[in-house]
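In what follows, a single structure is set out as structure tokens and then discussed.
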Amino acid sequence: MTTKNYNWISRDVFDEINKVRTNPQSYIYHLEQMLTWFKGNVLYKPGELGLQTEEGPEAVEQCINYLSNQKPVAPLNWDDNMSRACNDHAQDIGPKGITDGTGSDGSTFTQRLEKYGDWIGKIAEALCFGRENAVDIVLQLLVDDGLPNRGHRNNLLSGQYQKIGVACAPHRDYKMCTVIDYASEYTRKVSQQQYQPLQQQYQYQQQQQQQQQFAQNSTVASGANTDWKSLAQEVFLEINRARQSPQSYIHYLQEMISQFQGNILHRPGDVPLRTNEGVAAVQECMAFLQQQKPLQGYEWNENIARACQDHANDIGPKGVCGNNGSDGSNMSIRLERYGDWSGKIGENIEFGSKSALEIVSSLLIDDGVANRGHRKNIMSEDFKKIGVGCALHTAYKTVTVINYAQYYTPKGQQQQQQQQYGQQQQYGQQQYGQSYIQQQYGQQQQQPQYGQQQQQQSSYQTTYNNSYSQQPQYGGYQQQYGGEDDQIKKNKNVNVTTYSQYPGQNVQSSTTQNVSSSTTQNVSINDPEIQAHLQKLGINQSDITGASYGKEVYDPDRPAGTIRTSTQKKINIINGIKTITETKTYTLSDGSTKIIENTYEE
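Numbering (our numbering), first residue to last: 36 to 637.
So this is what it looks like as structure tokens:
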């Protein structure tokens, strides 16, 4: 684990502590899960060796009862110099295997704090050993097994402290140690330069720190010299942080609210960004995250990341915005270069953001997207694996490509498993009727308004699923501009991609998602406009009605091994805008099916 990642965990611990302070009941979920891992007094956390406790489940149950009645307390403020004192101790005791508050030089935590600042009121220190993620660290302090007075818990939830510092480091005997210092008040020594933490640390509360950069936890894209691989890894970690600790983002979003003037976001050091919804979208996101349960983190897949990087390296130098590569490849094709996918896949593309925190927070807020599809993808329980690729973009400075997959295996492995078990198009729990979701992209058409440029949004969608139908079904799809409100007939999966650009700021984002509605409209296949469009595409009406014969036309989307293709049309006209959804169902030689659904406007 790199130093950068230890600093990242330190910040996550800070977030988790404030989460349990401001919403004590949010940790009951973790504690109830912990109860299921006990056998007697031994805790068997999945994937770890058994841990002998002193009190067993009794201490956990007592903690649940305590938190059920605990009132929220104010969040603590991050202090860089307190964290520096913590880091000194962690770096000292870790390599030597020391497990107490006295340093190898005989220093106490009071002396270490006074090295960098002056404290008044009350101070305290907590040490944690053997836990390697923020939630587990805070759980250990909350349960406080074996300590009758629950001193760690009392400090964690004390209203007497206002400042905190955290540092994590490798430990010789226990893999990792965490040092946490609390103070009622702490000020920097006048003679000391303000401590600038490593890139992974940042503070929510200090305006001066925010003016230097958005987030010190992340690689900041600054041109050709950017470490793009590190940025991709940080996006992955940031997505998992949002999934595993949704409430950790609330404090960052609270600070963002103070940067709004009307609907314009004035980020320190950045060009003002015009938003669709302003503060309302941020507040709605905070409310969502407050109620969102923790989810399992995604698993990094190097081959998925290769597919992402291919696309980023392709479109970045060309200044292209979209999911199709310059060679005509789509996401499915790129993923299939390195492996086999099944179940569901999705692709997000984000342009212009400089750090992982900006990228993920933008997707979480999902400004202007009524159904919050970007956010839903981050919090999806369907996807299991993820890859990320980042690159320089000639038009928007940065491009980040994120691919999700439900199941993804090395090339050929899935086919071998299918042959072994006599199954078709099945991997793990994949069965017919589940969905394959691919990608779509949005494009911009700028129109002047009030001397500035407003962006109108249009989108092209492609959906893969594993259902099959030979008869035409006409449903409805609607799109409203001014913040996308994309809907489709109930139970039909659709990928929605949005790109947003605002005056003076080249920051854009895109994503895929599932949306549904009950809007439908029946249109006859004999509609002259439909017939004209079919003729333009070279598609016979017999193809539309599901016949397995008819004129052979070139189909760039046709998967290898296709023995039959059927095409369906859905048309919806809203406010004079005709939206056509064309669904192609491919039957493959192994008996499986894939469906591609293209939606466009005329």
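Even for Gly, the Cβ is constructed at its ideal location relative to N, Cα and C.
Since this is a predicted model, take the numbers as computed values, not measurements.
With distances taken between CA atoms, G138 lies nearest to I128 out of G132, I128, E416. Below 8 Å, too few C-beta pairs join the stretch 282 to 293 and the stretch 339 to 349 to call them touching: fewer than three. Within 10 angstroms of the beta-carbon of G447 lie fewer than 16 other beta-carbons, which makes it exposed.
DSSP places Q126 within a helical segment (H, G or I) once states are collapsed to three. By the beta-carbon neighbour count (other beta carbons within 10 angstroms, threshold 16), S361 is exposed.
Here F295 carries a strand assignment [DSSP, helix/strand/coil]. Residue pairing by DSSP leaves D180 without any beta bridge partner. Among the bridge pairs identified by DSSP, W43 is matched with none.
When the alpha-carbon of H346 is set against those of G422, A322, K389, N122, the nearest one is in G422.
Rounded to the nearest whole angstrom, the C-alpha separation of P594 and E382 is 19 Å.
Per DSSP, reduced to three states, the secondary structure at G378 is strand. Listed in chain order, the non-local C-beta contacts of E67 below 8 Å within the same chain comprise I99, local neighbours out to five positions each way being set aside. When C-beta atoms of the stretch 153 to 169 are compared with those of the stretch 201 to 220, three or more pairs fall below 8 Å, so the two segments count as touching. Under the three-state reduction of DSSP, N412 is assigned to helix. Runs of the alpha helix (DSSP H) lying entirely within the stretch 46 to 118, each at least 4 residues long, are 63 to 70, 92 to 104 in chain order. Selection K106, W263, N168 evaluated against A391 yields W263 as nearest (Cα-Cα). In terms of Cβ geometry, V395 and E273 form a close pair [threshold 8 Å].
Counting C-beta atoms within 10 angstroms of its own C-beta, E385 has 16 or more neighbours from the protein chains shown and is therefore classed as buried.
Note: N383 is bridge-paired with I437 in the DSSP secondary-structure output.
Spanning the alpha carbons of S45 and C203 requires a straight line of approximately 6 Å. Taking each of R119, V108, Q87 in turn and checking the Cα distance to W72, the smallest one comes out for Q87. Residue pairing from DSSP places Y443 in a beta bridge opposite W376. Rounded to whole angstroms, the separation of the alpha carbons of P183 and G194 is 20 Å. Cβ contact annotation for Q327 (same chain, cutoff 6 Å, sequence separation greater than five): P281, in chain order.
Only residues of its own chain outside the window of five on either side were considered, and among them G85, Q87 have a CB closer than 6 Å to the CB of V77, listed in chain order.
Here D171 is not near E90, since their CB atoms are 8 Å or more apart. Beta-carbon to beta-carbon, V178 and I52 are separated by about 14 Å, too far to satisfy the 8 Å threshold. Between N311 and the set S388, M211, R372, L300, the nearest pair of CA atoms involves L300.
The Cβ neighbour count for T628, taken over all protein chains shown within 10 Å, is at least 16; the residue is labelled buried.
Per the C-alpha coordinates, the member of A322, D123, G378 positioned closest to Y151 is D123. Listed as beta-bridge partners of A426 by DSSP are V434.
About 5 Å separates the beta carbons of M211 and E167, which is inside the 8 Å limit, making them a contact pair. Boundaries of the beta strand (DSSP E) harbouring V214: 210 to 223, taken from the DSSP string. Counted as a single uninterrupted DSSP element, the alpha helix (DSSP H) harbouring A340 occupies residues 337 to 353. Judged by DSSP in its simplified three-state form, Y621 adopts strand. The straight-line gap separating the alpha-carbon atoms of Q296 and G313 is approximately 8 Å.
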